[in-house]
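*Asks:* Each step along the sequence shown adds one to the number in my numbering, with nothing skipped, and position 3 is 518.
Beta carbons are placed, not taken as given, at the ideal position from N, Cα and C, and that holds for glycine.
The structure under discussion is supplied below as structure tokens; questions concerning it will follow.
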Amino acid sequence: MARGAVRKFETALGAIGVLALIVTGILVTGWNPIPKVSDWWEKVASSASQLSTPETDWIERVGGQPLSAVITGDTVLVNMRGTVEARSLSAGTMLWQREADWAGVAGDGGAAVAIVGRRGAGLVALDPGSGTERWKDKDAVGAWTFRDNVLTLACGGLSDCTLSARAPRDGAQAWKLTLPGIGRVLNGINTDLLGTDVKAEAYRDAIGAMPRAIPAMLGFPIEQKVKVVDALHGKLLREEEPTNISRVVVVGGRVLVSSAVPKDGNCRYSLEARDPGTGKTVWKKDGYDLHTASGAGCEQRRDPAGAETVLVATRGDNREVFLSPRDGREMWAGAEGDEIVAADSQYGLVRTDGGKTLAVVDFDKGGRLWQQTIPGKADVALSRYAVLVRDAREGRLIAYAPGGGTKLLDAKTTADVIGVGEHGLMIGRGRTIGYLRYT
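Printed below as a string of structure tokens:
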């Protein structure tokens with residue numbers, strides 16, 4: 516007999532022997548393993564059929580990997596690669612489905628619409644609940660969605676494009692202007708403009724998909740230049756050109772120039788805010804790092820963190836601060852070791868006590884509003900409706916009301932947050948999604 520066959524025969528005999536010992540043990544002791552196996556299987560099946568504890572209102576499997584889910588009224592719009600699905604918020608049932616090269620949500624409340632774009636076919640604005648067409652722009656190659664506006668970009672020629680502002684509900688055009696240069700690079704949905712960046716890596720897609728109020732001024736990156744647009748009146752105000760040591764962004768109605776110059780192995784920082792209409796300097800500060808530069812050459816590669824009315828910066832004494840882009844004043848300064856983790860135009864989130872405490876700063880009141888003890892390694896984010904704290908190691912997700920710190924939710928889950936609503940969260944694992952209501 517061949518050596519390989521002998522080994523297989525010996526292995527088979529060994530397995531039979533082990534099985535015989537198990538059977539003998541069961542007969543002698545009277546032990547019945549079936550209930551234990553049954554209990555184990557029930558636990559496995561139960562965990563596979565739910566996304567969290569407490570359980571979601573419903574669980575459904577969608578057609579692809581969800582990128583984000585936006586809750587609007589009684590509907591949740593789930594965005595996937597190549598498809599957008601609308602589902603009932605109360606039951607999870609499919610309401611309608613559309614093929615989409617890019618999609619987003621604009622408007623608020625009853626004026627909300629789903630913006631669905633196809634390459635070469637423009638975009639349509641659909642009623643979230645029924646999927647019926649409200650209006651369309653057959654020439655659009657891209658769009659930016661806000662709570663009070665939809666900006667559509669149409670590029671008929673090889674260079675200049677037309678930017679239009681439309682009402683979300685009916686598509687009524689408020690203004691349009693020509694953007695000189697090759698604007699086709701800005702195709703798709705909510706392509707990055709030159710402003711502030713969301714500081715919430717674990718929740719970027721979920722929070723970024725929520726429509727926000729349109730800023731007064733926007734910065735469009737075209738042909739290595741920054742086109743400064745008055746978004747309220749539809750005027751091209753000026754054109755700025757960054758250098759290899761500067762980053763130009765449009766924030767809080769100002770053109771902000773962040774410069775970083777290499778010196779003695781470090782970067783020397785300066786900030787200058789210019790009037791978007793005249794280009795004149797409004798304020799200037801030295802020694803404030805917006806974290807837009809990196810590397811030995813202090814190359815400018817990133818937009819600053821913050822929101823429309825606030826910037827996150829580190830000053831010369833290594834303390835982190837919130838800066839006003841409008842007048843350059845410090846809106847709040849942290850103690851040594853404090854770390855700013857998120858901000859919107861009303862609140863800021865700060866880790867204190869070595870990361871063990873989460874403090875919420877109110878920009879209107881100018882001080883700490885509330886605080887909570889959190890795990891040191893938790894992912895933290897700030898949204899319109901909830902402050903999110905997720906401890907991935909413990910499989911725990913907590914949500915607090917931004918204004919007062921009331922605990923909205925405390926759940927055991929390993930699912931991802933894919934959408935944030937006024938009364939609950941959309942969570943998902945793979946292609947399975949569910950609505951987790953605040954408790």
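Can you give me the C-alpha to C-alpha distance between V743 and N759, rounded to a whole angstrom?
*Replies:* If you take the alpha carbons of V743 and N759, they lie about 20 Å apart.
*Asks:* Reducing DSSP to helix, strand and coil, say where Y718 ends up.
*Replies:* If DSSP states are grouped into helix, strand and coil, Y718 belongs with the helices.
*Asks:* Starting from the Cα of L912, find the closest Cα among K922, T928, N705 and give me that residue.
*Replies:* It is T928 whose Cα lies nearest to the Cα of L912.
*Asks:* Exposed or buried, what is M941 when buried is set at 16 or more other beta-carbons lying within 10 Å of its beta-carbon?
*Replies:* That one is buried.
*Asks:* When the Cα of N705 is compared with those of T693, L733, A848, Q886, which residue comes out closest?
*Replies:* Answer by Cα proximity: L733.
*Asks:* Could you tell me which residues DSSP pairs with V577 in its beta bridges?
*Replies:* DSSP, once it has assigned bridges, lists no residue as partnering V577.
*Asks:* So, at 6 Å on beta carbons, what are the nonlocal neighbours of S679 in its own chain, with the 5 sequence-adjacent residues on each side left out?
*Replies:* Once the five neighbours on either side are set aside, the close Cβ partners of S679 are T667, Q688, K691.
*Asks:* Looking only at its own chain, which residues have a Cβ that is under 6 Å from the Cβ of G792, when we skip the five neighbours before and after it?
*Replies:* Only L752 meet the Cβ criterion.
*Asks:* How many angstroms separate the CA atom of G949 from the CA atom of R649?
*Replies:* The alpha-carbon atoms of G949 and R649 are separated by roughly 28 Å.
*Asks:* Report the three-state DSSP secondary structure of A775 (helix, strand or coil).
*Replies:* Strand, per DSSP.
*Asks:* Take the Cβ of E575 as the centre, count every other Cβ of all protein chains shown within 10 Å, and call the residue buried at 16 or more, exposed below.
*Replies:* When all chains shown are included, E575 counts as buried.
*Asks:* If you reduce the DSSP assignment to three classes, tell me which class G635 lands in.
*Replies:* Of the three classes helix, strand and coil, the one that applies to G635 here is coil, per DSSP.
*Asks:* Using three-state DSSP, classify E937 as helix, strand or coil.
*Replies:* If DSSP states are grouped into helix, strand and coil, E937 belongs with coil.
*Asks:* By the three-class DSSP mapping on this structure, what secondary structure does N702 have?
*Replies:* Coil at N702, not helix or strand.
*Asks:* Less than 8 Å separating the beta-carbons of K800 and L786?
*Replies:* Yes, the pair counts as a contact, with Cβ atoms nearer than the cut-off.
*Asks:* Consult DSSP for D801 and reduce its assignment to one of helix, strand or coil.
*Replies:* Reduced to three states, the DSSP call for D801 is strand.
*Asks:* Just the Cα atoms here: how many angstroms apart are L951 and D572?
*Replies:* Straight-line Cα distance between these residues: approximately 6 Å.
*Asks:* Return the residue from the list A728, D859, T711, V766 that minimises the CA-CA distance to R817.
*Replies:* Checked all of A728, D859, T711, V766; the closest Cα to R817 is T711.
*Asks:* If you follow the beta strand (DSSP E) that D894 is in, where does it begin and where does it stop?
*Replies:* Counting along the chain, the beta strand (DSSP E) containing D894 begins and ends at 894-897.
*Asks:* Just the Cα atoms here: how many angstroms apart are Q580 and V875?
*Replies:* Whole-angstrom Cα-Cα distance: 33 Å.
*Asks:* I want to know whether the segment 717-735 touches the segment 578-597 - three or more CB-CB distances under 8 Å.
*Replies:* These segments touch.
*Asks:* Measure from the alpha carbon of G910 to the alpha carbon of each residue in R944, G936, L923, then state which is nearest.
*Replies:* For G910, the nearest C-alpha among the options comes from R944.
*Asks:* Going along the chain, which residues of its own chain have a beta-carbon closer than 6 Å to the beta-carbon of E937, five neighbours each way excluded?
*Replies:* Cβ within range, chain order: Y900.
*Asks:* Check G863 in the structure and name its three-state DSSP category.
*Replies:* Strand, per DSSP.
*Asks:* Counting only runs of 3+ residues fully inside the segment 600-646, write out the beta strand (DSSP E) ranges in chain order.
*Replies:* Runs of the beta strand (DSSP E) inside the segment 600-646: 609-614, 617-621, 628-633, 637-641.
*Asks:* Which residues bound the beta strand (DSSP E) around D925?
*Replies:* It spans 922-928 - the beta strand (DSSP E) in which D925 sits, taken as one unbroken run.
*Asks:* State buried or exposed for A560, treating a residue as buried only when at least 16 other CB atoms are found within 10 Å of its CB.
*Replies:* Unreliable placement is indicated for A560, whose pLDDT of 39 sits below 50; the coordinate value is still reported in the next sentence. Classification of A560: exposed, given that the 10 Å Cβ count is below 16.
*Asks:* Assuming Y915 is part of the beta strand (DSSP E), what are its boundary residues?
*Replies:* Y915 -> beta strand (DSSP E) spans 911-915.
*Asks:* Does the Cβ of A930 have 16 or more other Cβ atoms within 10 Å, making it buried, or fewer, making it exposed?
*Replies:* Label assigned to A930: buried.
*Asks:* Work out the CA separation of L747 and V904 for me, nearest whole Å.
*Replies:* Using only the alpha carbons, I get a separation of about 35 Å.
*Asks:* Could you tell me how far apart the beta carbons of P736 and L771 are, in whole angstroms, since I believe they sit closer than 8 Å?
*Replies:* Not confirmed; about 14 Å, so no contact.
*Asks:* Could you tell me the distance, in whole angstroms, from the CA atom of E854 to the CA atom of G882?
*Replies:* Each residue's alpha carbon lies about 15 Å from the other.
*Asks:* Just the Cα atoms here: how many angstroms apart are S898 and V935?
*Replies:* One C-alpha to the other measures close to 7 Å.
*Asks:* State the start and end residues of the unbroken beta strand (DSSP E) segment that holds N594.
*Replies:* Its beta strand (DSSP E) spans residues 590-595.
*Asks:* Taking buried to mean at least 16 other C-beta atoms within 10 Å of its own C-beta, is G698 buried or exposed?
*Replies:* So G698 ends up on the buried side.
*Asks:* So for D868, helix, strand or coil by DSSP?
*Replies:* Correct three-state label for D868: helix.
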